[in-house]
Structures are given as structure tokens and as C-alpha cells.
Amino acid sequence: MTGIKIGYARVSSESQSLELQIADLKKMGCTEIFAEKKSGKAADNREELQNLLKYARKGDTVYVTKIDRLARSLVDLMKTLEILNNKGVEVVFIKENIDQTTAHGKMMLQMLGVIGEFERSLINERTAAGRKAAAARGVHMGRKTKGDKKAAMELYNDRENNGMSVNEIAEETGVSRATIFRMAKLQAEETTN
1 MTGIKIGYAR VSSESQSLEL QIADLKKMGC TEIFAEKKSG KAADNREELQ NLLKYARKGD
61 TVYVTKIDRL ARSLVDLMKT LEILNNKGVE VVFIKENIDQ TTAHGKMMLQ MLGVIGEFER
121 SLINERTAAG RKAAAARGVH MGRKTKGDKK AAMELYNDRE NNGMSVNEIA EETGVSRATI
181 FRMAKLQAEE TTN
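Just so we're aligned: the sequence shown equals residues 1 to 193 in the UniProt record's numbering.
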């Protein structure tokens, strides 16, 4: 059984028009068209793309006027194609003349996939090198510590003399109440052992 032709159109801002893309998709015979005016930085944030991914069924073909209308990065493109392909849905990019239903189109998309893997590897290598260089410069990686925990514990342990409540200690030192109580509990456990 052959499925239906589904179109996807997207522009990046409200001031741009979807008309030309929709006209091209109708020329291709698309009976359902998902269109949105939204930046394409993250596929998860594009409601109509998410609706298309839910709607498409095995045997359907999704038509997109240009690759950059479906995804803004090779990584996002490959993720979206994988979702569609796992459902048995083929994709056709009109302007680039890449038709996943043909051997040539499949080869082109596989080459894009290899390039996407290479791009991910380069990003991972640069990230690791950046972390290593930052560590060598003594830059702390991870979440910044909040407040002065040492001062908080000194004030906590001296509550009889200073008359401060845990709320006041938290406010003065910038350490949360939960952290103060957790440190006090650990301290008590250490003294009993």
C-alpha cells in the first residue's frame, strides 16, 4: 500500500511568507501540509514538525522544499530523518533534488549522515580539548558553588552564642537551608563515628 504525500513548510519569522513553499508542495501533490513560522534552531520547539512526525505513517512520503526548512544543523537533520525512516516514511527535498525513494537519494542522505557523524566527533573533540585547557588554567568546571559553606557551618555551630536561626544563616551566607541541614547531619554523623 502506498501512503500519502505530506508537505512541510517553514519560515523563520512572522514577516516571511509561506506561500511559495506551499505552492511548491501542492505542485508535488501533497494532500496534507504542515506549515509554521518559527525559527528552526531546535526541532523539539517546532510544533508543526512535531505534529507531522506524529501524523506520518508507514508508506507516506514527506516533501520539503529545501533541506534547511527541515533542519538547521546536520545533526538535527539526521535525527529527524531517523525518526521518519524508523516509521517507514521516505523524504524528498525538492530544490536539492534528493529523493530518498531512489538509490541516488539514499546514497546522498547516507553521505550527509557520515558528514554529520564527523561533525559530532569534531564538536566532541573540541569540547574535550576546551575542558582540558580550562582545567589546566585552573578554571572550575561544573555548577558554581553558592555561598560560603564554611562560614555557614561556623555560624550554625555557634547558634547558642550568636542567636541566629538557620534562615538567617542561609540569608547571610548565601547557602540554602537544605544544604546547611545536610552539612549539619553529615557533621553529626562524623562526630558519632
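Even glycine gets a Cβ: it sits at the ideal position worked out from N, Cα and C.
Exercise. In terms of residue numbering, what span does the beta strand (DSSP E) encompassing VAL91 cover?
Worked result: Position 91 of the sequence shown, counting from 1, holds the residue named residue 91. First-last of the beta strand (DSSP E) with VAL91: 90 to 93.
Problem set entry | Start-to-end residues for the beta strand (DSSP E) that takes in ALA9 | Translated into positions along the sequence shown, residue 9 becomes position 9. Element bounds for ALA9: 5 to 11.
Exercise. If you draw a straight line from the C-alpha of MET1 to the C-alpha of GLY59, how long is it?
Worked result: Locating residue 1 in the sequence shown gives position 1, counting from the first residue. Locating residue 59 in the sequence shown gives position 59, counting from the first residue. Confidence in MET1 is poor, its pLDDT being 49 and thus under 50, which makes the residue's placement too unreliable to answer from.
Exercise. With a Cβ-Cβ cutoff of 7 Å, do TYR63 and MET28 count as a contact?
Worked result: If you number the sequence shown from 1, residue 63 lands on position 63. If you number the sequence shown from 1, residue 28 lands on position 28. Yes, the Cβ-Cβ distance between TYR63 and MET28 is below 7 Å.
Exercise. Just to confirm, are ALA71 and ALA35 a CB contact at a threshold of 7 Å?
Worked result: As a first step, residue 71 must be located in the sequence shown, where it is residue number 71. As a first step, residue 35 must be located in the sequence shown, where it is residue number 35. Taking a C-beta distance under 7 Å as the contact criterion, ALA71 and ALA35 do not qualify as a contact pair.
Exercise. In terms of alpha-carbon separation, which member of ILE4, GLU19 and LYS5 lies closest to VAL11?
Worked result: Residue numbering aside, residue 11 sits at position 11 when the sequence shown is read from its first letter. Looking at the Cα atoms, GLU19 is the closest of the given residues.
Exercise. Comparing alpha-carbon positions, which option in ASN157, GLY116, ARG159 and ILE6 lies nearest ARG57?
Worked result: As a position in the sequence shown, residue 57 is number 57, starting the count at 1. It is ILE6.
Exercise. According to DSSP, is MET1 helix, strand or coil?
Worked result: The count along the sequence shown starts at 1 and reaches residue 1 at position 1. Reliability of the predicted coordinates at MET1 is poor, the pLDDT of 49 falling under 50, and the value obtained from them is presented with this limitation in mind. Coil at MET1, not helix or strand.
Exercise. Apart from the five residues just before and just after ASP99, which ones in its own chain have a Cβ nearer than 6 Å to its Cβ?
Worked result: As a first step, residue 99 is located in the sequence shown; it is residue number 99 there, counting from the start. So the qualifying residues of the chain are VAL92 and GLY105.
For this session: Using the Cα positions of ALA170 and ALA136, report the straight-line distance between them to the nearest angstrom.
Result: One-based indexing of the sequence shown puts residue 170 at position 170. One-based indexing of the sequence shown puts residue 136 at position 136. Distance between the alpha carbons of ALA170 and ALA136: 33 Å.
Exercise. Out of curiosity, what's the CA-to-CA distance linking GLU160 and GLU154?
Worked result: Residue numbering aside, residue 160 sits at position 160 when the sequence shown is read from its first letter. Residue numbering aside, residue 154 sits at position 154 when the sequence shown is read from its first letter. Straight-line Cα distance between these residues: approximately 12 Å.
Exercise. Excluding sequence positions up to five away, which residues of its chain have a Cβ less than 8 Å from the Cβ of PHE181?
Worked result: To locate residue 181, count along the sequence shown from 1; it is residue 181. Around PHE181: VAL166.
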